[in-house]
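Asks:
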Amino acid sequence: MKHFLLSFFRLTRMAPPRRLLSVAIGGMLLAALSMGSASAQIITDIQVSGNQRIEPDTVRSYMVVRAGDEFDDVKIDQSLKTLFATGLFADVAIRREGTSLVVNIVENPIINRVAFEGNSAIKDENLEKEVQLKARVVYTRARVQEDLKRIIEVYRRSGRFAATVEPKVIQLPQNRVDLVFEIKEGAVTGIRQIYFIGNRHFSDARLRGEISTQVSRWWNILASRDNYDPDRLVFDREQLRRFYLSHGYADFRVVSAVAELTRDRDQFFITFVVDEGPLYDFGEIGITSELERINPDMLRDKIKSRSGELYNAKLIDDTVEEMTFAAGELGYAFVDIRPKITRRKEERKIDITYEVNEGPT
571 MKHFLLSFFR
581 LTRMAPPRRL
591 LSVAIGGMLL
601 AALSMGSASA
611 QIITDIQVSG
621 NQRIEPDTVR
631 SYMVVRAGDE
641 FDDVKIDQSL
651 KTLFATGLFA
661 DVAIRREGTS
671 LVVNIVENPI
681 INRVAFEGNS
691 AIKDENLEKE
701 VQLKARVVYT
711 RARVQEDLKR
721 IIEVYRRSGR
731 FAATVEPKVI
741 QLPQNRVDLV
751 FEIKEGAVTG
761 IRQIYFIGNR
771 HFSDARLRGE
781 ISTQVSRWWN
791 ILASRDNYDP
801 DRLVFDREQL
811 RRFYLSHGYA
821 DFRVVSAVAE
831 LTRDRDQFFI
841 TFVVDEGPLY
851 DFGEIGITSE
861 LERINPDMLR
871 DKIKSRSGEL
881 YNAKLIDDTV
891 EEMTFAAGEL
901 GYAFVDIRPK
911 ITRRKEERKI
921 DITYEVNEGP
931 T
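The numbering used here numbers the first residue of the sequence shown as 571 and each following residue consecutively.
1) Are the Cβ atoms of Val758 and Asn797 separated by less than 8 Å?
2) Excluding five sequence neighbours on each side, which residues of the same chain lie with their C-beta closer than 7 Å to the C-beta of Met605?
3) State the start and end residues of the unbroken alpha helix (DSSP H) segment that holds Val890.
4) Which one of Ser728, Pro930, Val629, Arg778 has the shortest CA to CA distance from Gly657?
5) Would you report the Cα separation of Ala897 and Glu879, rounded to the nearest angstrom?
6) In whole angstroms, what separates the C-alpha of Leu849 from that of Lys915?
7) Tell me where the beta strand (DSSP E) around Phe766 begins and ends.
8) What are the boundary residues of the alpha helix (DSSP H) that includes Gln622?
9) Span of the beta strand (DSSP E) holding Ala712?
10) Note down, in chain order, each residue of its chain lying with its Cβ closer than 8 Å to the Cβ of Leu600, except the 5 sequence neighbours on either side.
11) Using the beta-carbon count (16 or more within 10 Å), is Ile675 buried or exposed?
12) Express the C-alpha separation of Arg776 and Ser782 in angstroms, rounding to a whole number.
13) From the DSSP output, in three-state form, read off Gln809 for me.
14) Is the number of C-beta pairs between the region 682-692 and the region 620-639 that are closer than 8 Å three or more?
15) Return the CA-CA distance between Lys693 and Phe839, expressed in angstroms with no decimal places.
16) Can you tell which of Arg727, Lys738, Phe805, Ala820 has its C-alpha closest to the C-alpha of Ile920?
17) When the Cβ atoms of the region 757-771 are set against those of the region 727-742, are three or more pairs found closer than 8 Å?
18) In angstroms with no decimal places, state the Cα-to-Cα distance between Ile764 and Ser859.
19) Whose CA, out of Arg918, Thr912, Ile857, Ser877, lies closest to the CA of Val890?
20) Taking the alpha-carbon positions, what's the Lys651 to Asp799 distance?
21) Is Ala663 buried or exposed, if buried means 16 or more other CB atoms sit within 10 Å of its CB?
22) Buried or exposed for Lys872, going by 16 or more other Cβ atoms inside 10 Å?
23) Please name the residue in Ile680, Met893, Tyr902, Thr923 whose C-alpha comes closest to that of Ile911.
24) Would you mind stating whether Arg824 and Phe805 have Cβ atoms separated by less than 8 Å?
25) For Val707, which residues does DSSP report across the bridge?
26) Is DSSP giving Val804 helix, strand or coil here?
27) Given a cut-off of 8 Å on the beta-carbon distance, is the pair Val785 and Leu810 in contact?
28) Check whether the Cβ atoms of Glu640 and Ile612 sit closer than 8 Å, and answer yes or no.
29) What does DSSP give as the partner residue(s) for Ala663 in the beta ladder?
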């Protein structure tokens, strides 16, 4: 550039210095723009290397950038991400060689077989139904982790919360692998203790007698009620609710039922937190009927509860059952009897109105 300016000055000795400088700078800018335009090169082709099973065209089809596009770092980065997202590749690298784009891939292996070792409590066929990886499916670490979680969940559903699973990959020729899940089943997880919090009117011992879950006893190894089962815990919540509702506690609720695993992972502590609420009596009890052939007085003797007695939700269910049977004998095969419950909290009374309507046919 220095020699260019000297030559330029020699050829234009008569020009004013400021004008010469402007012309020189303009020439430099034009040269820079020309160089920038030349650097925006086009991708002439996309080469694929490292592939074994997957065709190069298939690899290219997953990419955002195409032959004929300009070199664009953003599109190249997006192509890298889309290739990884397919789950077909263990590694992907993209580099530029002249006007070509070279994509080097390492394919994920194909699973030859899936096997289970160490399991005796749960059969192979039951575990095979749970896992997603099968023979001739592409192996990925993410899928293995998902299947590992599924196997752990199967064991938890069977009461074995100490079970552990370790995936083992055996490399085979032609980029194939055997996948083996090595399982340590552990013992069935029992119940060390059951606690109740918030119960003022019934003892822990009384409430334990109302639920199906029981504390584990060493001499009762064949029992299933003293093994932890999350579904049984849900059932026990309902059992507690029914018990309290049949003893006058219409507002009772189980605030929480928590199972905490011991450090050695072989037993659980179960804690029920309850809110008993106030005690209620039955208030006014009546019947309304929309059926022509049924007068409320015809069903009054079917009512199992009396005003002033301790509230009992079970008596309401029994009354509905008796009334439904009586209506059937009177010619109404389809009848809908609904108890309308009204709480009088200040008086601790519950009014019941049995509404008798024709049911859907």
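Every residue, glycine too, gets a C-beta built ideally from N, C-alpha and C. All of these numbers come straight from a predicted model, not from anything done at the bench.
Replies: With the given structure in hand:
1) yes
2) Since pLDDT at Met605 reaches only 44, below the 50 mark, its modelled position is unreliable, and the value read off the structure follows with that caveat. Excluding residues within five positions, none has a Cβ falling inside 7 Å.
3) 883-899
4) Val629
5) 26 Å
6) 10 Å
7) 760-767
8) It is not in any alpha helix (DSSP H) - Gln622 carries neither H nor E in the DSSP assignment.
9) No beta strand (DSSP E) holds Ala712; the alpha helix (DSSP H) holding it covers 711-727.
10) With a pLDDT of only 42 at Leu600, under the threshold of 50, the placement of this residue in the model should not be trusted, and no figure is reported.
11) buried
12) 13 Å
13) helix
14) no
15) 29 Å
16) Ala820
17) yes
18) 47 Å
19) Ile857
20) 43 Å
21) exposed
22) buried
23) Thr923
24) The sequence given here places Val at residue 824; Arg does not occur at that position. Not a contact, by the Cβ cut-off of 8 Å.
25) DSSP output for Val707 lists no bridge partner at all.
26) helix
27) no
28) yes
29) Asn674
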